[in-house]
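Protein chains in written order, with the working numbering: chain A, 1 to 448; chain B, 1001 to 1324.
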């Protein structure tokens, strides 16, 4: 016997979660290629534009059987893709406006058809199509374990679940089969065409499968939330990797995580804040994706804003450290004493200067009365790089002498020892810079 | 107005179908005018889909305003409060898109899609919460999602019309500046115009038109009223003034025809009819406009083809070689 709480899980929660899982995994998989091709909003356009197709399919067949509905939706999706392209090309309109025109007209047509159908008391609900009705996916599982896996019971699985599973399988198979082509196509469509692949065919195939994924997702998450299921997982994964294969796996992982977490948050999690009914599970899934995205935007090591701020800041410190040494060297050269003026305009500037100075002191380059021996050598290295660059820019690159300080000020920080010797080798006079100042000799700290 | 006394089409067309219905028609026509004009700037500035993100991200604000209104004031149906909520969360949505584009590696298309769906998703969660609040007023929110002109109250129409007029007035005063930044923001900046501030004002006007449009066209379709008139008018002229006037006229006619038809037939939703009317204007312009239209270009191409073939044939005959 299956106990009653488990029985309830099998009949209510499991089919809903599984259906949502398959639908959203299919969407997330395809979304990777849309995001990379920078046509994410094609998902938006198609998910709006299949509405009239679905309604017409429904009205023609008079039933919710998936065949005609799917055909209608696929036809509408292809029509949309063709129309958007046609209007963009012949109307000379930017693609965003062209998409907006086509999908909003198609959607309006769908809304009108739904209203007309409900006037003739056909059971079609606009709300259902917009928000999805995950809550209406039921299964009547058997009461004992022994009959659970028999064909006769599995046959009774909800249609939505089977369809979502089917579309998921097809999209995985397709991605696997034309992985190589999709990969080139995502990054360089022109190269793909030059190599002899039919790019129109690849994009059409992608659009048809996308339409299929959108259609099965309609009943499950609704027409607008499906956009989130398509774009968010891939967008999140982009923050964590540059490798397409890793990106695809991560997007599937995030998508599955959001489905499961979103479902339980909406149905059970809300009880902890005193709500004793279920909130919209599909809305919660997309909200969960939004939270994951926010976390990634902030905290992803390479592309998150914190990571980038830290890298910027430490680059700022190492640049300032070298600038301080160069300034000290020049003040010694000009006035015979080491002075270090520290005008800082912003708080960030102040912080950077503080840390740069602290770093110089800790590493023994800066001592009370000025530069230490090692500090002197390091300062000479920086100033030498700067003046070599100035010389090079005047003699070899032909810049006027009063235009070379600014670029040299930047380049000095990226000049390795090898590059410095190459620079000096490229010039005849390596004793004076274009402004007549001595270029310090390169000497190892030991010998001085 | 009781449902059985539905006025005839002619009465409604000539604004004689009752005080309320006349107000609705005037309000919606003005909205179409404003949206057509502001939308023309927006499409020229290549921000068409930005307004889609803006509209969808208005939903959570709408819901929060409804919940606040219910708990604080006892009723969530205050239209000014709802519009304020929608405007605030819509503006947050737009700001988020811009932040994502300028500070992360996401491109504009992905940023718009992400913001649009996540905000809308959160709005749906709030909506499911509202449905269980048992206020019996949540039906009012649906008017903002799908658009509904019939049940508007006179006081709401006054507010919406006032907002529309303010927008129209600002767009009129700032004509020169908006024209400049629509075509060449770089030049405008070099000339010393505060491009960022002007952009912000433009976006602010878009926010107002959008949330006002929620009530009659609905938040999913309001983008159509912003984009389609300007794009349709663009086919007819290369002069900014004419395109603006054309966009305004197409928007206004769509608003007028849509609200008239929907007030005579309860199964013709105003939003959808308004958008389809604008769509008809677009289709006509796309096909038949002189110079930029699809058909005339088809004719040109056939003519070129014909001329080219004729010339080729003449050359072949002159050189006496011929094909094969």
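Where is the CB? At the ideal position from N, CA and C, for every residue including glycine.
Note down, in chain order, every chain B residue with its Cβ under 8 Å from the Cβ of residue i.
i, result
"residue 287 of chain A", "1118, 1121, 1122 and 1125"
"residue 79 of chain A", "Within chain B, no residue comes near residue 79 of chain A; the closest Cβ sits about 14 Å away, beyond 8 Å."
"residue 305 of chain A", "1103 and 1104"
Could you tell me which of the options sits nearest to residue i, measuring between CA atoms?
i, options, result
"residue 116 of chain A", "A/59, A/200, A/83 and A/75", "A/59"
"residue 274 of chain A", "A/265, A/282 and A/281", "A/265"
"residue 1210 of chain B", "B/1067, B/1049, B/1306 and B/1263", "B/1049"
"residue 107 of chain A", "A/191, A/271 and A/80", "A/80"
"residue 1123 of chain B", "B/1222, B/1274, B/1055 and B/1244", "B/1055"
"residue 297 of chain A", "A/235, A/14 and A/177", "A/235"
"residue 364 of chain A", "A/352, A/226 and A/377", "A/377"
"residue 12 of chain A", "A/32, A/77, A/134 and A/98", "A/134"
"residue 247 of chain A", "A/7, A/35, A/9 and A/174", "A/35"
"residue 52 of chain A", "A/38, A/212 and A/76", "A/76"
"residue 1177 of chain B", "B/1276, B/1270 and B/1041", "B/1041"
"residue 188 of chain A", "A/221, A/37, A/287 and A/245", "A/37"
Determine the chain A residues that contact residue i at a beta-carbon separation under 8 Å, and present them in chain order.
i, result
"residue 1269 of chain B", "111, 112 and 115"
"residue 1021 of chain B", "Going along chain A, no residue has its Cβ under 8 Å from residue 1021 of chain B, so there is no contact; the nearest lies around 19 Å."
"residue 1106 of chain B", "235 and 238"
"residue 1227 of chain B", "97, 100, 101 and 104"
"residue 1052 of chain B", "44 and 100"
Within the continuous alpha helix (DSSP H) that includes residue i, where are the two ends?
i, result
"residue 260 of chain A", "244 to 267"
"residue 133 of chain A", "Here residue 133 of chain A belongs to no alpha helix (DSSP H), and DSSP marks it neither H nor E."
"residue 462 of chain A", "No answer is possible for residue 462 of chain A: it lies beyond the span of chain A, which begins at 1 and ends at 448."
"residue 1282 of chain B", "1270 to 1288"
"residue 1267 of chain B", "Looking at the DSSP string, residue 1267 of chain B is not in any alpha helix (DSSP H), and its letter there is neither H nor E."
"residue 1176 of chain B", "1175 to 1183"
"residue 333 of chain A", "305 to 335"
"residue 48 of chain A", "40 to 61"
"residue 1096 of chain B", "1079 to 1103"
Name the DSSP beta bridge partners of residue i, please?
i, result
"residue 371 of chain A", "A/366"
"residue 432 of chain A", "A/438"
Quick check: the Cα distance between residue i and residue j, rounded to an integer number of angstroms?
i, j, result
"residue 294 of chain A", "residue 242 of chain A", "19 Å"
"residue 1200 of chain B", "residue 1098 of chain B", "12 Å"
"residue 1284 of chain B", "residue 1291 of chain B", "14 Å"
"residue 1228 of chain B", "residue 1074 of chain B", "39 Å"
"residue 250 of chain A", "residue 1052 of chain B", "28 Å"
"residue 420 of chain A", "residue 357 of chain A", "25 Å"
"residue 1289 of chain B", "residue 1282 of chain B", "10 Å"
"residue 158 of chain A", "residue 15 of chain A", "7 Å"
"residue 1004 of chain B", "residue 1138 of chain B", "Note on residue 1004 of chain B: pLDDT 47, under 50, position unreliable in the model; the coordinate value appears next. Approximately 25 Å between the Cα atoms of the pair."
"residue 1216 of chain B", "residue 320 of chain A", "59 Å"
"residue 17 of chain A", "residue 167 of chain A", "16 Å"
"residue 343 of chain A", "residue 385 of chain A", "24 Å"
"residue 26 of chain A", "residue 110 of chain A", "25 Å"
"residue 186 of chain A", "residue 1168 of chain B", "43 Å"
"residue 447 of chain A", "residue 379 of chain A", "Here the model assigns residue 447 of chain A a pLDDT of 41, short of 50, so the residue's position is not dependable and the matter cannot be decided."
"residue 136 of chain A", "residue 210 of chain A", "24 Å"
"residue 67 of chain A", "residue 1027 of chain B", "44 Å"
"residue 390 of chain A", "residue 405 of chain A", "7 Å"
"residue 197 of chain A", "residue 183 of chain A", "12 Å"
"residue 430 of chain A", "residue 302 of chain A", "41 Å"
"residue 1016 of chain B", "residue 1246 of chain B", "27 Å"
"residue 1313 of chain B", "residue 397 of chain A", "56 Å"
Against residue i, what residues of chain A qualify as contacts under a CB-to-CB distance less than 9 Å, listed in chain order?
i, result
"residue 1179 of chain B", "Within 9 Å Cβ-Cβ: nothing; residue 1179 of chain B doesn't reach chain A, min ~18 Å."
"residue 1297 of chain B", "90"
"residue 1169 of chain B", "The premise fails here: residue 1169 of chain B is roughly 26 Å from chain A at the closest Cβ pair, so nothing lies under 9 Å."
By the criterion of Cβ-Cβ separation under 7 Å, what are the contact partners of residue i in chain A?
i, result
"residue 1223 of chain B", "100 and 104"
"residue 1046 of chain B", "94 and 96"
"residue 1275 of chain B", "104, 105 and 108"
"residue 1097 of chain B", "Going along chain A, no residue has its Cβ under 7 Å from residue 1097 of chain B, so there is no contact; the nearest lies around 12 Å."
"residue 1128 of chain B", "279, 280 and 283"
"residue 1231 of chain B", "93, 97 and 101"
"residue 1134 of chain B", "Within chain A, no residue comes near residue 1134 of chain B; the closest Cβ sits about 11 Å away, beyond 7 Å."
Check the Cβ of residue i against every Cβ in chain B and list those closer than 7 Å, keeping chain order.
i, result
"residue 107 of chain A", "1220 and 1221"
"residue 228 of chain A", "1117, 1118 and 1121"
"residue 40 of chain A", "1109, 1110 and 1113"
"residue 272 of chain A", "Going along chain B, no residue has its Cβ under 7 Å from residue 272 of chain A, so there is no contact; the nearest lies around 15 Å."
Run through chain B and tell me which residues come within less than 9 Å of residue i, C-beta to C-beta.
i, result
"residue 290 of chain A", "1114, 1115, 1117, 1118, 1119, 1121 and 1122"
The ligand NAP and residue i: does the residue's C-beta get closer than 7 Å to at least one heavy atom of that ligand?
i, result
"residue 269 of chain A", "No copy of the ligand NAP occurs in the structure displayed, which carries no ligand at all."
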